[in-house]
Amino acid sequence: MERGKVYKGLIGAFGACLLLAGCSSSQKPAALGPVGESATDSAAGSATVSATPTGTAASSSSSTGSASGSSPAAAAPRTVITSSAGLTYKATVPGDPDSAAALTAFENYRVILTAMSSKPDYSTNLGDYADGNPLTLADTYILTLKQNNEVMVGTTTETVTSSTLTMAASPLPLMTITVCKDATKYHEVFSYGKNKGKLAVSDITHPYPLTYTVHKSADGKWRVTSVHGESDKTC
308 MERGKVYKGL IGAFGACLLL AGCSSSQKPA ALGPVGESAT DSAAGSATVS
358 ATPTGTAASS SSSTGSASGS SPAAAAPRTV ITSSAGLTYK ATVPGDPDSA
408 AALTAFENYR VILTAMSSKP DYSTNLGDYA DGNPLTLADT YILTLKQNNE
458 VMVGTTTETV TSSTLTMAAS PLPLMTITVC KDATKYHEVF SYGKNKGKLA
508 VSDITHPYPL TYTVHKSADG KWRVTSVHGE SDKTC
């Protein structure tokens with residue numbers, strides 16, 4: 308049905324629950340930590356930015372400079388796995404501060420949005436991690452769930468498969484993030500009335516890719532600024 312197609316398109320574009328005032332301009336975005344209920348960080352053995360790193364780290368990040376006065380080695384990438392409100396989020400975070408700040412903001416955005424759709428209710432923290440169209444669409448979607456007595460239930464897994472940082476991007480520094488989302492066990496159901504617990508929209512039957520952009524705002528914080536889902540593809 309047309310309504311189902313529209314809803315699933317929105318869910319596909321935003322990931323877990325459609326999409327998902329912090330530090331001031333004088334604070335560093337890197338200080339923002341994940342807001343998930345539980346998280347595990349482990350040193351990754353590869354400089355490759357992927358969710359399942361393989362091989363060994365590049366020599367520039369795996370050894371300290373032997374010559375006196377050489378610059379310190381870059382921090383090693385680390386694997387992050389967060390579980391919260393039905394969302395399992397996986398990513399490999401590069402060692403440089405800007406990449407780490409952008410991916411931490413993106414993780415928080417996904418965690419908050421998943422929690423929002425599981426109630427459903429708004430979050431005053433949303434504007435810390437999203438702006439523009441993603442922020443507007445997220446609020447609109449939550450309103451639609453509330454008006455139709457619907458809620459998101461079950462579990463979803465989102466794996467960051469690649470991230471590319473372009474600090475020289477204009478007008479603002481930009482990170483492009485690709486995610487593989489498995490929402491096959493994530494359901495939009497009625498929360499009230501005779502149909503309570505029944506599907507409101509047909510489920511997506513396969514994992515699919517999404518592409519997000521996250522920019523560094525004028526206040527120094529990283530925020531999700533665009534999202535594009537391709538639920539007709541698989542990953």
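The sequence shown runs contiguously to residue 542 in this note's numbering. Positions of the beta carbon are idealized from the N, C-alpha and C atoms, including for glycine.
- Query: According to DSSP, is D510 helix, strand or coil?
  - Reply: D510: coil per DSSP, three-state reduction.
- Query: What residue does the beta strand (DSSP E) around E414 start on, and which one ends it?
  - Reply: From DSSP, E414 is part of no beta strand (DSSP E) but of the alpha helix (DSSP H) over 404 to 424.
- List the residues that DSSP assigns as beta-bridge partners of L503. This sequence places Lys at residue 503; Leu is not what is there. F497, per the DSSP bridge assignment.
- Looking at G393 and T451, is the spacing between their C-beta atoms short of 7 Å? The criterion of a C-beta distance shorter than 7 Å is not satisfied by T451 and G393.
- Query: Around the Cβ of E465, are there at least 16 other Cβ atoms within 10 angstroms (buried) or fewer (exposed)?
  - Reply: Counting Cβ neighbours within 10 Å, E465 comes out buried, since at least 16 surround it.
- Message: If I measure Cβ to Cβ from V486 and keep anything under 8 Å in the same chain, skipping five residues before and after, which residues do I get?
- Response: So the qualifying residues of the chain are G322, E465, T466, V467, T468, P516, L517, T518, Y519.
- Leaving out the 5 sequence neighbours to the left and right, which residues in its chain are closer than 8 Å to T395 when beta-carbon positions are compared? Around T395: I388, T389, T462, T463, T464, E465.
- Could you spell out where the alpha helix (DSSP H) holding D428 opens and where it closes? Element bounds for D428: n/a, residue is neither H nor E.
- Query: In the structure shown, what three-state DSSP assignment does Q334 receive?
  - Reply: Reliability fails at Q334, whose pLDDT of 30 lies under 50, so the model's placement of it is uncertain and the value that follows must be treated cautiously. Of the three classes helix, strand and coil, the one that applies to Q334 here is coil, per DSSP.
- Relative to the alpha-carbon of Y416, which residue among G527, T399, V521 has its alpha-carbon at the smallest distance? Closest by alpha carbon: V521.
- Query: For H535, does the count of other Cβ atoms within 10 angstroms reach 16, so buried, or fall short, so exposed?
  - Reply: Exposed, because fewer than 16 other Cβ atoms sit within 10 Å of the Cβ of H535.
- Message: Which same chain residues end up closer than 7 Å to Y436 when comparing Cβ atoms and leaving out the 5 residues on each side of it in sequence?
- Response: Hits under 7 Å: A412, N415, Y416, I419, R530, V531.
- Message: Which residue marks the beginning of the alpha helix (DSSP H) containing L442, and which one marks its end?
- Response: First-last of the alpha helix (DSSP H) with L442: 439 to 454.
- Task: Identify, in the order they occur along the chain, each residue of the same chain with its Cβ nearer than 7 Å to the Cβ of E457, setting aside the five sequence neighbours on each side.
- Result: Result list for E457: E495, V496, F497, S498, A507, in chain order.
- Looking at the structure shown, is D489 part of a helix, part of a strand, or coil, going by DSSP? In the structure shown, D489 sits in a strand (DSSP, three-state: E or B).
- How many whole angstroms separate the CB atoms of S424 and I449, which I take to be in contact at a CB cut-off of 8 Å? Right, their Cβ atoms sit about 7 Å apart.
- What did DSSP end up calling P360 once you bin it into helix, strand or coil? Note that P360 scores 33 on pLDDT, short of 50, meaning its location in the model is unreliable; the coordinates nonetheless yield the value given after this. Secondary structure of P360 (DSSP, three-state): coil.
- Message: Here's the rule I'm using: 16 or more other beta-carbon atoms within 10 Å means buried, otherwise exposed. How should P404 be labelled?
- Response: With fewer than 16 other beta carbons inside 10 angstroms of its own, P404 counts as exposed.
- Message: The beta strand (DSSP E) that contains Y519, what's its start and end?
- Response: Here the beta strand (DSSP E) through Y519 covers 515 to 523.
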